[in-house]
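K.L.:
Quick one: this structure, given as structure tokens, is what I'll be asking you about.
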Amino acid sequence: MTPAELKDWLEGRDPRVAITIAFRIAARFWPMARWSGRVVNPSAASARALLIAERVARAPDGSAIRGMDDNVLRGAAKAAMEMGGSDVDPLEPHALLLEGWSPALPGPGPDREARCVSTLASLTMAVAVSGARRSGSNAAPVMVAAMAQYSSDLFLHLEEGPVSAAKTPTIDAALRADRDCVANSGLEALWRRQLWPSGRNRLYKQWRSTWPAIRGSSDADFFRRWYQGILKGDPVNLEVLAEIASIPPADWDQGTARVAERIAEIELHHIRNSTPLAEIVQWIPEAERIRIAPVPMDDAPTWNMILNKLRDALHDIRPDGRLRNAHAALHDTLQMLERTLDRYCDSPQRMHDDIATALHEARRLLKAGEIPDDMNVQRFMRALDENALDIQGSMPGVLEAVSRRASLRYRRLPDDDRSTLAGATNAVVPLLEEERHREDMKESLVALDAQDPNSPENSASIYRWASRLSRIYQDPKVRGFFVQVGERITVGGAVELLRRVLGL
Numbered sequence: 001m002t003p004a005e006l007k008d009w010l011e012g013r014d015p016r017v018a019i020t021i022a023f024r025i026a027a028r029f030w031p032m033a034r035w036s037g038r039v040v041n042p043s044a045a046s047a048r049a050l051l052i053a054e055r056v057a058r059a060p061d062g063s064a065i066r067g068m069d070d071n072v073l074r075g076a077a078k079a080a081m082e083m084g085g086s087d088v089d090p091l092e093p094h095a096l097l098l099e100g101w102s103p104a105l106p107g108p109g110p111d112r113e114a115r116c117v118s119t120l121a122s123l124t125m126a127v128a129v130s131g132a133r134r135s136g137s138n139a140a141p142v143m144v145a146a147m148a149q150y151s152s153d154l155f156l157h158l159e160e161g162p163v164s165a166a167k168t169p170t171i172d173a174a175l176r177a178d179r180d181c182v183a184n185s186g187l188e189a190l191w192r193r194q195l196w197p198s199g200r201n202r203l204y205k206q207w208r209s210t211w212p213a214i215r216g217s218s219d220a221d222f223f224r225r226w227y228q229g230i231l232k233g234d235p236v237n238l239e240v241l242a243e244i245a246s247i248p249p250a251d252w253d254q255g256t257a258r259v260a261e262r263i264a265e266i267e268l269h270h271i272r273n274s275t276p277l278a279e280i281v282q283w284i285p286e287a288e289r290i291r292i293a294p295v296p297m298d299d300a301p302t303w304n305m306i307l308n309k310l311r312d313a314l315h316d317i318r319p320d321g322r323l324r325n326a327h328a329a330l331h332d333t334l335q336m337l338e339r340t341l342d343r344y345c346d347s348p349q350r351m352h353d354d355i356a357t358a359l360h361e362a363r364r365l366l367k368a369g370e371i372p373d374d375m376n377v378q379r380f381m382r383a384l385d386e387n388a389l390d391i392q393g394s395m396p397g398v399l400e401a402v403s404r405r406a407s408l409r410y411r412r413l414p415d416d417d418r419s420t421l422a423g424a425t426n427a428v429v430p431l432l433e434e435e436r437h438r439e440d441m442k443e444s445l446v447a448l449d450a451q452d453p454n455s456p457e458n459s460a461s462i463y464r465w466a467s468r469l470s471r472i473y474q475d476p477k478v479r480g481f482f483v484q485v486g487e488r489i490t491v492g493g494a495v496e497l498l499r500r501v502l503g504l
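Numbering-wise, the numbering used here puts 200 at position 200 of the sequence shown, and it's gapless, one number per residue.
Put into structure tokens, the structure is as follows:
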């Protein structure tokens, strides 16, 4: 598939198709930007731009760019430009539409490969901005076609001199496979497709040389999981991706260690919001122990109290029955909660899920600047959070509804993956502060191999085990302890598998 054919095929299509194709072109070469511990990290700078493009491509509409902080976009664009040595701003894609324009490979140098990857990442972000903002009908197809030519040229010059011409069809074959997948199965199917046709990584040599640096750095844990997911067609959770793509420039400017801290906070927050288990997992550094404590509850919380607290929250955000102009963006969210109170006041599971949805939407609006960070909004969000915790702590049915799903996902894991999780559990048991929690973990291991895994008791035990273990391993202090004592493999393998069990 020639670049000209690719351009013709993309014209008139959903802009997300062009963004996705551009992302996959750049992602195939990402391992060439070697990971380093420097504040200015070529690999992280490229991934930063690619994350933004992925967020836009996987969003159901073009709101992803419009909802992002301009400082986030400018920071990512600047980093990609500087690492790629490009003077073309990804936020001004029209500058790339000069007749006959084509990016040229940089000359020989120690950072040549990193510059090439950063150029591709910068162009991918330009395609995302152009497509999401629909700034010119031909902008995205022209840039993607140029990227296809650039990637073919780059593939030929990965060695000290040009490699065998017999390898030239490789990039074309990958592009044809992507095109056929979209044509036959749709865009969503392409995100579930392996990055290389037939799963054969044509740049395995570069990935193998990059792997030790990434695997040996705790700061790179997310980026390793993110890229492996792209390779296998198993992308990270979109909500988590969106938050990570929105990490402020001030954090990126402090280096990958600070970014890793922010990513850990985002992932832990997502796990807590996605697992209705009213417990707090806490690392006690002085004793090198893990403490599990129930979420503090009001005296004998009742269902009526929960309903009344939600009604009060709705009243407080609009005391006279009308929203202030500054809070107008909350209108649809409040309508949803009112409908839930009216129709589903006898369904704890539906009430919990809708409250969690409302809280997520309020956080999104706040982050996008569509509602102010004032006392009324903070009080409303706090009330929703407390309501969700009250339901989790007082309504066993909420836990039961998700327990069976976790049990089923665990049963579908290959034997090797289940062995990895058993090892991760055994590593944690001696560190638990209380004997009852150590016994509970051991009982969970029995439930994992039970003859009747779908019984209510075993399902609940499996879900409680996965939720606890996820929170334990997501705590940066706990991970740091395991790395210190040489348990890095246990930590790295457990996190990804537990996400799968919990459906995250």
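We put the CB at the ideal spot given by N, CA and C, even for glycine.
Evaluate GLY107 with the Cβ neighbour count: other Cβ atoms within 10 Å of its Cβ, from every protein chain shown; 16 or more gives buried, anything less gives exposed.
P.N.:
Exposed, since its Cβ has fewer than 16 Cβ neighbours within 10 Å.
K.L.:
Check the C-beta distance from SER246 over to VAL129 and give it rounded, since I have them as a contact under 8 Å.
P.N.:
About 15 Å; that fails the 8 Å criterion.
K.L.:
So, at 6 Å on beta carbons, what are the nonlocal neighbours of HIS437 in its own chain, with the 5 sequence-adjacent residues on each side left out?
P.N.:
Closer than 6 Å at the Cβ level, and outside the excluded window around HIS437, lie ILE292.
K.L.:
DSSP has GLN506 in a bridge; who is on the other side?
P.N.:
Residue 506 falls outside the range modelled here, since the chain spans only 1 to 504, and no answer is possible.
K.L.:
Thinking just about the alpha-carbon of each residue, which of ASP373, LEU432, LEU50 and SER118 is nearest to the one in TRP283?
P.N.:
Per the Cα distances, LEU432.
K.L.:
Please state the DSSP three-state secondary structure of LEU432.
P.N.:
Of the three classes helix, strand and coil, the one that applies to LEU432 here is strand, per DSSP.
K.L.:
One question on the structure: do ALA121 and ALA146 come within less than 7 Å of each other, judged by their Cβ atoms?
P.N.:
Not in contact: ALA121 and ALA146 (Cβ atoms no closer than 7 Å).
K.L.:
Within 10 angstroms of the Cβ of ARG379, are there 16 or more other Cβ atoms? Answer buried if so, exposed if not.
P.N.:
ARG379 is exposed by the Cβ-count criterion.
K.L.:
Does DSSP put SER246 in a helix, a strand or coil?
P.N.:
Coil.
K.L.:
Assuming contact is defined by CB atoms lying nearer than 7 Å, are ILE306 and ASP390 in contact in what I supplied?
P.N.:
Yes, they are a contact pair.
K.L.:
Would you give the residue range spanned by the alpha helix (DSSP H) that VAL17 belongs to?
P.N.:
Where VAL17 is concerned, the enclosing alpha helix (DSSP H) stretches over 15 to 29.
K.L.:
What does a CB cutoff of less than 6 Å around ALA165 pick up in its chain, not counting 5 residues either side in sequence?
P.N.:
Its pLDDT being 43, under 50, ALA165 is placed unreliably in this model, and the value from its coordinates should be taken loosely. Excluding sequence neighbours, ALA165 sits near nothing in its chain.
K.L.:
Keeping to the same chain, check which residues put their C-beta closer than 6 Å to that of ALA326; ignore five residues upstream and five downstream.
P.N.:
Excluding residues within five positions, the ones whose Cβ falls inside 6 Å are PRO372.
K.L.:
Count the other C-beta atoms from every protein chain shown that fall within 10 angstroms of the C-beta of MET375, then say buried if there are 16 or more, exposed otherwise.
P.N.:
The residue is exposed, with fewer than 16 neighbouring Cβ atoms inside 10 Å.
K.L.:
In three-state terms, what does DSSP make of GLN228?
P.N.:
If DSSP states are grouped into helix, strand and coil, GLN228 belongs with the helices.
K.L.:
State whether the segment 459 to 473 contacts the segment 439 to 447, with contact taken as three or more CB pairs (one from each stretch) at a distance under 8 Å.
P.N.:
Result yes; three or more Cβ-Cβ pairs closer than 8 Å.
K.L.:
Please report the straight-line C-alpha distance between LEU231 and ASP417, rounded to a whole angstrom.
P.N.:
One C-alpha to the other measures close to 19 Å.
K.L.:
Since ARG468 and VAL259 should fall inside the 8 Å C-beta cutoff, what is the C-beta to C-beta distance between them, to a whole number of angstroms?
P.N.:
Actually they are not in contact, since the Cβ atoms of ARG468 and VAL259 sit about 27 Å apart, beyond 8 Å.
K.L.:
Could you give the DSSP three-state label for THR579: helix, strand or coil?
P.N.:
Residue coverage of the chain in this structure runs from 1 to 504, which leaves residue 579 outside it and unanswerable.
K.L.:
Identify whether SER43 lies in helix, strand or coil by the three-state DSSP scheme.
P.N.:
SER43: helix per DSSP, three-state reduction.
K.L.:
Can you give the beta carbon distance from VAL144 to ILE21, rounded, assuming they're within the 8 Å contact cut?
P.N.:
So it is a contact: roughly 6 Å between Cβ atoms.
K.L.:
Taking C-beta to C-beta, are VAL501 and ALA388 nearer than 7 Å?
P.N.:
The answer is no: Cβ separation not under 7 Å.
K.L.:
Is it the case that the Cβ atoms of ALA44 and THR256 are separated by a distance below 7 Å?
P.N.:
Yes, Cβ-Cβ distance for ALA44 and THR256 is below 7 Å.
K.L.:
With a CB to CB cut of under 8 Å and the five nearest residues on each side skipped, what residues in its chain are close to ASP299?
P.N.:
Caution is warranted here: a pLDDT of 37 is assigned to ASP299, below 50, making its placement in the model unreliable, and the coordinate value is therefore given only provisionally. Nothing meets the Cβ criterion.
K.L.:
Quick one: residues in its chain with C-beta nearer than 6 Å to the C-beta of LEU421, no 5 flanking neighbours on either side, listed in chain order?
P.N.:
Contacts found: LEU497.
K.L.:
For GLU5, report the span of its alpha helix (DSSP H) as first-last.
P.N.:
Unbroken alpha helix (DSSP H) run through GLU5: 3 to 10.
K.L.:
Do you know whose CA, among GLU82, LEU413, MET1 and TRP303, lies nearest GLN149's CA?
P.N.:
GLN149 has its Cα closest to that of MET1, out of GLU82, LEU413, MET1 and TRP303.
K.L.:
Which whole-angstrom value is the C-beta distance of LEU384 and LEU359, which I expect to be below 8 Å?
P.N.:
Indeed they touch by this definition, with Cβ atoms about 4 Å apart.
K.L.:
What distance in whole Å lies between the Cβ atoms of LEU408 and LEU365, which are believed to be in contact at a cut-off of 8 Å?
P.N.:
That pair is no contact at about 34 Å.
K.L.:
Pick helix, strand or coil for ILE514, following the three-state DSSP scheme.
P.N.:
This structure cannot speak to residue 514, because the chain is shown only from 1 to 504.
K.L.:
By how many angstroms is the C-alpha of LYS78 removed from the C-alpha of MET68?
P.N.:
C-alpha separation (whole angstroms): 16 Å.
K.L.:
Considering only their Cβ atoms, is the gap separating ALA76 from ARG48 smaller than 7 Å?
P.N.:
Yes, these two residues count as a Cβ contact at 7 Å.
K.L.:
Between the Cα of ARG192 and the Cα atoms of VAL127, MET336, ASN237 and TRP30, which residue gives the shortest distance?
P.N.:
It is ASN237.
K.L.:
Below 8 Å on the Cβ atoms is my contact criterion, and I expect THR170 with ALA26 to pass it. Report the Cβ-Cβ distance as a whole number of Å.
P.N.:
Not quite, the Cβ-Cβ distance comes to about 16 Å (not below 8 Å), so this is no contact.
K.L.:
Report all residues from its chain with a CB closer than 6 Å to the CB of ASP219; omit the five preceding and five following residues, and keep chain order.
P.N.:
Result list for ASP219: THR256, ALA257 and ALA260, in chain order.
K.L.:
Whole-angstrom Cβ separation of GLY131 and ALA18, contact assumed at under 8 Å?
P.N.:
Their Cβ separation, rounded to whole angstroms, is 6 Å, which keeps GLY131 and ALA18 in contact under 8 Å.
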